[in-house]
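Last residue of the sequence shown: number 444 in this note's numbering, and the count goes up by one each step with no gaps.
Built from N, CA and C at the ideal position, the CB exists for glycine as well.
None of the values given here were measured: they were computed from a predicted structure.
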Amino acid sequence: MRPRRFRPTGPLKGRLRVPGDKSISHRAIMLSALAVGESRISGLLEGEDVLATAAAMRSMGAHVERQRDGTWVVNGVGVGALLQPEAPLDMGNSGTSTRLLMGLLASHPLQATFVGDASLSKRPMGRVIEPLSQMGADVTASVGGRLPLILRGASPAVPISYRLPVASAQVKSAILLAGLNTPGRTTVIEPVPTRDHSERMLRGFGADLSVDVEADGTRVITVAGDAELRPQLIDVPGDPSSAAFFLVAGLIVPGSDLVIENVGLNATRAGVIEVLRAMGGSIEELGRREVGGEPVADLRVRHSTLSGIEVDPALAPSMIDEFPVLFVAAALAQGTTITTGLEELRVKESDRIAVMAAALQAAGARVEERADGLGIHGSGGDLLTGTEATVETHLDHRIAMSMAVAGLASRAGVEIDDTRPIATSFPAFETMLAQLAPEEDAL
Numbered sequence: 002m003r004p005r006r007f008r009p010t011g012p013l014k015g016r017l018r019v020p021g022d023k024s025i026s027h028r029a030i031m032l033s034a035l036a037v038g039e040s041r042i043s044g045l046l047e048g049e050d051v052l053a054t055a056a057a058m059r060s061m062g063a064h065v066e067r068q069r070d071g072t073w074v075v076n077g078v079g080v081g082a083l084l085q086p087e088a089p090l091d092m093g094n095s096g097t098s099t100r101l102l103m104g105l106l107a108s109h110p111l112q113a114t115f116v117g118d119a120s121l122s123k124r125p126m127g128r129v130i131e132p133l134s135q136m137g138a139d140v141t142a143s144v145g146g147r148l149p150l151i152l153r154g155a156s157p158a159v160p161i162s163y164r165l166p167v168a169s170a171q172v173k174s175a176i177l178l179a180g181l182n183t184p185g186r187t188t189v190i191e192p193v194p195t196r197d198h199s200e201r202m203l204r205g206f207g208a209d210l211s212v213d214v215e216a217d218g219t220r221v222i223t224v225a226g227d228a229e230l231r232p233q234l235i236d237v238p239g240d241p242s243s244a245a246f247f248l249v250a251g252l253i254v255p256g257s258d259l260v261i262e263n264v265g266l267n268a269t270r271a272g273v274i275e276v277l278r279a280m281g282g283s284i285e286e287l288g289r290r291e292v293g294g295e296p297v298a299d300l301r302v303r304h305s306t307l308s309g310i311e312v313d314p315a316l317a318p319s320m321i322d323e324f325p326v327l328f329v330a331a332a333l334a335q336g337t338t339i340t341t342g343l344e345e346l347r348v349k350e351s352d353r354i355a356v357m358a359a360a361l362q363a364a365g366a367r368v369e370e371r372a373d374g375l376g377i378h379g380s381g382g383d384l385l386t387g388t389e390a391t392v393e394t395h396l397d398h399r400i401a402m403s404m405a406v407a408g409l410a411s412r413a414g415v416e417i418d419d420t421r422p423i424a425t426s427f428p429a430f431e432t433m434l435a436q437l438a439p440e441e442d443a444l
């Protein structure tokens with residue numbers, strides 16, 4: 002355990018660049034490993050989750066290496082040519098690695114054992130096991146569809162048309178990745194749009210993929226099997242989920258004025274910016290541009306008086322990972338913020354609804370927990386009281402970083418029980434936060 006108390010600071014000033022987008026980083030490693038030839042990736046997020054993906058692809062025959070200049074070079078083996086891993090695939094804390102790799106291997110003639118840490122081993126995998134089983138994969142999981150599990154790929158796999166019962170970019174991506182090595186055409190029907198990095202990147206690598214949007218907004222995504230992927234040069238934009246912590250910090254700490262550089266603004270990921278603006282947050286886009294098929298911009302964020310709102314549940318898929326830190330912003334707003342439709346938060350690295358409710362209440366916020374979200378009665382811009390008690394993060398990196406941000410806008414500070422999980426997605430978080438504080442001992 003590595004506890005730490007995050008204390009109030011003066012205004013946060015300066016410029017920073019957050020790590021590369023985690024979702025894009027995972028997919029860049031996987032698809033590069035399936036291309037024949039050398040791909041080069043700059044801006045890759047080097048957190049533990051992405052490194053777990055890199056290690057898994059190495060164990061199945063791809064050459065994945067970091068260069069001295071920070072560029073990653075991947076020499077792929079081709080679709081259908083992955084090797085049998087000699088040891089269990091250790092996914093650490095990464096649900097994304099687990100679900101996407103299960104899809105990738107489901108249509109390859111090999112067997113793999115997936116293991117993870119205590120937190121990941123509590124997360125159900127049934128939503129991805131179901132469609133992959135329909136495609137012919139055989140999965141033997143622990144009780145409740147959890148890790149450790151053994152997956153035996155099908156050869157050949159069976160193409161399916163699968164309608165997602167719950168919006169999930171990870172389940173969608175798993176099916177599409179399985180479809181790459183499946184004869185015929187594999188289709189995913191998505192009633193509610195989710196992040197579309199897989200579709201963008203699959204096309205970029207040369208996969209035959211189509212997206213049709215029906216009158217009611219339903220997206221029908223089809224990928225052709227027996228794909229031949231071409232190596233690529235990839236520049237990963239900054240992760241909006243990582244940027245969200247500094248967006249909220251800049252909005253709630255008086256006098257703050259920050260510029261966050263090169264943030265990905267994919268419409269399927271930028272919901273938190275829309276919500277924070279609706280609450281009155283000053284977030285300005287500078288130099289909007291496109292990099293590798295993804296829209297990016299520098300974001301200038303300034304301290305603002307926030308107002309509580311009712312968050313449209315239709316935005317949930319575009320900001321599902323950002324809700325913990327949005328709850329912090331809501332706790333400092335004027336009036337009440339209502340969130341609904343967030344059942345998925347209960348099966349993340351922790352039950353993020355219950356854990357954030359308890360953490361914010363301990364820090365002095367008035368919170369009502371509901372089955373599918375929170376009602377948060379804001380303090381009107383006043384500082385949270387903070388807490389002498391230690392906030393339990395339940396090994397969840399986003400809980401740890403969200404409550405660190407809450408500590409900056411508290412009177413007594415907020416102590417979290419363990420900062421180690423932060424390394425799963427944002428190893429430099431604490432260093433960057435300290436660099437923006439006006440004094441060396443501000444934290």
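| query | Among the residues of its own chain, which have a CB less than 6 Å from the CB of A443, if the five just before and after it don't count? | reply | Residue placement at A443 is flagged as unreliable, the pLDDT there being 43, under the threshold of 50; the coordinate-derived value follows with that caveat. Counting only Cβ-Cβ distances below 6 Å, and skipping sequence neighbours, we find T10.
| Beta-carbon separation (whole angstroms), S108 vs T183, contact threshold 8 Å | Yes, S108 and T183 are in contact; Cβ-Cβ is about 5 Å, under 8 Å.
| request: Compute the Euclidean distance between the alpha carbons of L343 and L361, then round it to the nearest angstrom. | output: 17 Å
| query | Leaving out five residues before and five after D418 in sequence, what residues of the same chain have Cβ atoms less than 7 Å from its Cβ? | reply | M2, P4, T391, V392, E393, T394
| said: Is the separation between the beta-carbon of A435 and that of V326 shorter than 8 Å? | reply: no
| query | Closest to P238 by CA distance: which of R6, A298, F430, D118 is it? | reply | It is A298.
| field | Residues that DSSP places opposite F7 in a beta bridge | value | V415, per the DSSP bridge assignment.
| request: Within its chain, find whatever has a CB closer than 6 Å to the CB of T432; leave out the 5 residues flanking it on each side and keep chain order. | output: none
| message | Please classify L90 as buried or exposed, where buried requires at least 16 other C-beta atoms within 10 Å of its C-beta. | response | buried
| field | Proximity of A113 and G77 at Cβ, strictly below 8 Å | value | no
| For G288 and A330, the rounded distance between their alpha carbons | 26 Å
| field | Three-state class that DSSP yields for G376 in the structure shown | value | Strand, per DSSP.
| said: Between V129, P125, L277, S43, which has its C-alpha nearest T72's C-alpha? | reply: Out of V129, P125, L277, S43, S43 has the C-alpha closest to the C-alpha of T72.
| Per DSSP, the bridge partner or partners of F115 | L90, L150
| Same chain, Cβ closer than 7 Å to A63, neighbours up to 5 away in sequence not counted | A34, V75, N76, G77, V78
| said: Whole angstroms are fine: how far does the CA of R412 sit from the CA of V129? | reply: C-alpha of V129 to C-alpha of R412: approximately 44 Å in a straight line.
| task | Please go through the same chain and pick out, in chain order, the residues whose beta-carbon is closer than 7 Å to the beta-carbon of E275, but skip the five residues on each side of it. | result | Contacts found: L316.
| field | Those runs of the alpha helix (DSSP H) which lie wholly inside the segment 231-287 and span at least 4 residues | value | Segments of the alpha helix (DSSP H) lying fully in the segment 231-287: 241-253, 272-279.
| query | Can the beta-carbon of G48 be found closer than 8 Å to that of F328? | reply | The Cβ atoms of G48 and F328 do not sit closer than 8 Å to each other.
| Alpha carbon to alpha carbon, how far is S211 from Q233? | 20 Å
| query | Using the beta-carbon count (16 or more within 10 Å), is E441 buried or exposed? | reply | With a pLDDT of 41 at E441, under the threshold of 50, the modelled position of that residue is not reliable, and the figure given next carries that caveat. By the 10 Å Cβ count, E441 comes out exposed.
| message | According to DSSP, is T306 part of a helix, a strand, or is it coil? | response | Note: T306 maps to coil in three-state DSSP.
| Just curious, the beta strand (DSSP E) that A55 is in, first and last residue? | Unbroken run through A55 is the alpha helix (DSSP H), 49-60; no beta strand (DSSP E).
| If you draw a straight line from the alpha carbon of P255 to that of H304, how long is it in whole angstroms? | 6 Å
| query | Counting pairs of beta carbons, one from the segment 306-321 and one from the segment 372-384, are three or more of them closer than 8 Å? | reply | yes
| For M404 and A363, the rounded distance between their alpha carbons | Cα to Cα, the separation comes out at about 11 Å.
| field | Rounded straight-line distance, which links the Cα of D352 to that of S174 | value | Rounded to whole angstroms, S174 and D352 show a C-alpha spacing of 23 Å.
| task | Measure from the alpha carbon of V356 to the alpha carbon of each residue in R6, A158, R399, then state which is nearest. | result | Answer by Cα proximity: R399.
| said: Quick test of the definition: if touching needs 3 or more C-beta pairs under 8 Å, does the segment 250-268 touch the segment 219-228? | reply: no
| field | Contacting residues, own chain, Cβ-Cβ under 6 Å from P132 (five flanking each side not counted) | value | Y163, I176
| Who are the Cβ neighbours of Q135 in its own chain at under 6 Å, not counting the five residues just before and after it? | Hits under 6 Å: I161.
| message | Bridge partners for I42 per DSSP, in chain order? | response | DSSP lists W73, I235 as partners of I42.
| task | Buried or exposed for V167, please, with buried defined as at least 16 other CB atoms from any protein chain shown within 10 angstroms of its CB. | result | exposed
| field | Cut-off 7 Å between Cβ atoms - residues of its own chain near L252, not counting five sequence neighbours on either side | value | L277, G282, V302, H304, S305, L307, A330
| message | Could you check whether the Cβ of T269 sits closer than 7 Å to any heavy atom belonging to the ligand HEM? | response | For the structure depicted, the ligand HEM is absent and the ligand set is empty, with no information on it obtainable.
| field | Buried/exposed call for Q171, threshold 16 Cβ in 10 Å | value | buried
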